[in-house]
Amino acid sequence: MEAHSLNLIPLCNGSPRKCETVCVFGTGDFGRSLGCKMLQCGYSVVFGSRTPKASGLLPKGAEVFNHREAAQRSSVVILAVHRDHYSFLQDLTEVLHGKILVDVSNNLKLNQHPESNAEYLAQVVPGAKVVKAFNTVSAWALQSGTLDASRQVFVCGDDSTSKEMVMGICRTLGLSPLDQGSLLAAKEVENFPLQLFPMWRLPMYIALSLTAFLFLYCLVTIVVFTNVKDGQDVSFRIAISIPNKVFPIVSLMLLALVYLPGIIAAILQLYRGTKYSRFPDWLDKWMLCRKQLGLVALAYAFLHVFYTLVIPIRYYVKWRSNNFIISQIKNNKTSSFETMSAWRGDSYIALGILGFFFYVLLGITSLPSVSNVVNWREFRFVQSKLGYLTLVLCTGHALIFGWNKFLYISQYKWYLPPPYMISLVIPCVVLAIKLILITPCVDQTITKIRQGWERNAKPQKMENYEVAKTTETNESKAMV
Ligand code: NAP
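Residue numbers (our numbering): 1294 to 1773.
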């Protein structure tokens, strides 16, 4: 029976209507959607239900039986039932013996149960060949045909033939199966659909915390200070002026934070004199979310650009420039052209434009469709070399903006430095250390370490393959 079914899989592509029967337990949302998709792709589908009655809800062409009868008609049983109800399968252990039992279930919380649903199913029906699959595909996507975002199906199971067969079904349905290994991987597979932007969490926390802190800082040093000192209400600055200070500062700090972990990694490797040693967990996590940090930084840079573009149409700006002209007319005075100011203004804008251009270039190359077509060296060149160039340009942009303001005591409101100075701390530290790291003597040592040289070399340092693997990952991570 089993061999017969296996032979039928290739036929499905050639003669769609005359191929294998697949049994689906459960006529709920997922069971119906999957059954419908299977019928469209040429499978014949039998449903196993507690109430085996023909219903208008069931896809046309499918048959419905009680669980036992339905299971007898197929070697593959897809279980579209929640884990809580698996106990009904205990009465069917005999009929399910030797059959492929596909667990599609998900949980409500991460690691909700001590064992995965698929492992639990294998305990409930010990004679069945349990395969975990389809849990990352939604009923809605199957129904609407919008599978683009969720085409990937993670498949795992202890029996490789059964796994292959389920993967064949996935391919016939136009899905992309990905072998995840044995049933031990089921817990991880079940956690996939429950994760909410895991790689974005840390960058978002950092960005939001910095935004909140800097917004309060600007509020105090600009609005509150002016109110207390001069009795003037400049609260209108909350709408555009303050955000347009906060966004570029956060953007520059985040961009520097993209390159800081690479520098810390290089210092650690120099200090330890070896690359065969794990980075601390926090550094590992930080390195893994650098792409997301960079993209959040780019979003902030975009906001800065948009907020800057509206400056000429602001009432306050027009009022100030008109007032300046009128006061010059009244006093019959013309301010002379200052070449230095012209240079300063133009360089400030030019660095900003160039910095933003490379920023966008970095963002574009981090898109999977672009990064997939460049090789590792090209990717490193863009993300590392052009990345540092972006950091230099944007830091220069902020430095010229500040110019010599740091010399004037009036700029320190309540002894607090002006906000732009805060934005320069991390980038300047990163660039200064990078400058030291690329000096020939230091760079040579780092390169040697990354090629496997060890200061206190002992023979057979690499104790096992695991260490070698960790090392390789650390090396490639640190190089960017
Ligand atoms: P559902 O709409 O509630 O359907 C579950 C079906 O299970 C019911 O229609 C019923 O079918 C059967 N059932 C209910 N109580 C039962 C019991 N005591 N004993 C035996 N069978 C019982 O749920 P669903 O959305 O289709 O989800 C089914 C499974 O697919 C779940 O494990 C879920 O995690 C998984 N899943 C769902 C989606 C999705 O988008 N919905 C996506 C991926 C995975 P009968 O009345 O015909 O017996």
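Heads up, the beta-carbon is just placed ideally off N, CA and C, and yes, glycines get one too.
Note that the structure is predicted; figures quoted are calculated from it, not measured.
{"Query": "May I ask whether a heavy atom of ligand 1 can be found less than 8 Å away from the beta carbon of F1447?", "Result": "no"}
{"Query": "Is the separation between the beta-carbon of L1466 and that of C1334 shorter than 9 Å?", "Result": "yes"}
{"Query": "Excluding the five sequence neighbours on either side, which residues of its own chain have a C-beta within less than 6 Å of the C-beta of L1403, listed in chain order?", "Result": "N1484 and L1487"}
{"Query": "Should G1319 be counted as a contact of ligand 1 given a C-beta to heavy atom distance under 8 Å?", "Result": "yes"}
{"Query": "Could you spell out where the alpha helix (DSSP H) holding E1483 opens and where it closes?", "Result": "A1479 to N1484"}
{"Query": "Three-state secondary structure (DSSP) at E1313?", "Result": "coil"}
{"Query": "For V1513 versus Q1473, is the C-beta spacing smaller than 9 Å?", "Result": "no"}
{"Query": "Determine the closest residue to G1341 out of F1506, N1400, L1382 and L1332, with distance taken between C-alpha atoms.", "Result": "L1382"}
{"Query": "Relative to the C-alpha of N1520, which candidate in L1495, W1493, W1707 and D1396 has its C-alpha closest?", "Result": "W1707"}
{"Query": "If the criterion is Cβ atoms closer than 9 Å, does the pair L1394 and A1421 meet it?", "Result": "yes"}
{"Query": "Start and end of the alpha helix (DSSP H) containing F1518?", "Result": "F1518 to D1523"}
{"Query": "Compare the beta carbon distance of Y1641 and P1536 with 9 Å and say whether it is the shorter of the two.", "Result": "no"}
{"Query": "Under 8 Å: do the segment 1527-1547 and the segment 1677-1695 share three or more Cβ pairs, one atom per stretch?", "Result": "yes"}
{"Query": "Excluding five sequence neighbours on each side, which residues of the same chain lie with their C-beta closer than 7 Å to the C-beta of S1664?", "Result": "T1658 and F1672"}
{"Query": "Measuring CB to CB, does L1728 end up less than 9 Å from T1683?", "Result": "no"}
{"Query": "Sort A1532, H1375 and R1670 by Cα distance to N1428 and report the nearest one.", "Result": "H1375"}
{"Query": "Is any non-hydrogen atom of ligand 1 found closer than 8 Å to the C-beta of T1386, if you look at the structure I gave you?", "Result": "no"}
{"Query": "Taking a contact to mean a Cβ-Cβ separation below 9 Å, would you say K1346 touches S1367 in this structure?", "Result": "no"}
{"Query": "Quick check: does the Cβ of H1406 come within less than 8 Å of any heavy atom belonging to ligand 1?", "Result": "no"}
{"Query": "Are the CB atoms of R1743 and Q1585 nearer to each other than 9 Å?", "Result": "no"}
{"Query": "Check the C-beta distance from R1444 over to S1469 and give it rounded, since I have them as a contact under 8 Å.", "Result": "5 Å"}
{"Query": "Closer than 9 Å, CB to CB, is M1492 near chain C or not?", "Result": "The structure shown contains no chain C; it holds only a single protein chain."}
{"Query": "Kindly examine ligand 1 and report whether one of its heavy atoms sits closer than 8 Å to the Cβ of R1565.", "Result": "no"}
{"Query": "Using C-beta distances below 8 Å, list every residue in its chain close to R1464, excluding the 5 sequence neighbours before and after it, in chain order.", "Result": "P1470"}
{"Query": "Contact between the segment 1567-1578 and the segment 1630-1647 is defined here as three or more beta-carbon pairs at a separation below 8 Å; is this criterion met?", "Result": "no"}
{"Query": "Between the C-alpha atoms of E1313 and Q1405, what's the straight-line distance to the nearest angstrom?", "Result": "35 Å"}
{"Query": "Does the Cβ of R1583 have 16 or more other Cβ atoms within 10 Å, making it buried, or fewer, making it exposed?", "Result": "buried"}
{"Query": "Quick check: what's the CA-CA separation for L1692 versus K1425?", "Result": "56 Å"}
{"Query": "Contact defined as beta carbons within less than 8 Å: I believe P1720 pairs with A1549. What is the distance between those atoms, to the nearest angstrom?", "Result": "4 Å"}
{"Query": "Are the beta-carbon atoms of L1372 and S1398 separated by less than 9 Å?", "Result": "yes"}
{"Query": "At what residues does the beta strand (DSSP E) containing G1587 begin and finish?", "Result": "Per DSSP, G1587 belongs to no beta strand (DSSP E); it is in the alpha helix (DSSP H), R1583 to L1602."}
{"Query": "What I want to know is whether the C-beta of R1376 ends up closer than 8 Å to one or more non-hydrogen atoms of ligand 1.", "Result": "yes"}
{"Query": "Taking the continuous alpha helix (DSSP H) assigned at E1387, which residues delimit it?", "Result": "T1386 to L1389"}
{"Query": "Output the distance between the C-alpha atoms of Q1416 and P1491, rounded to the nearest integer angstrom.", "Result": "31 Å"}
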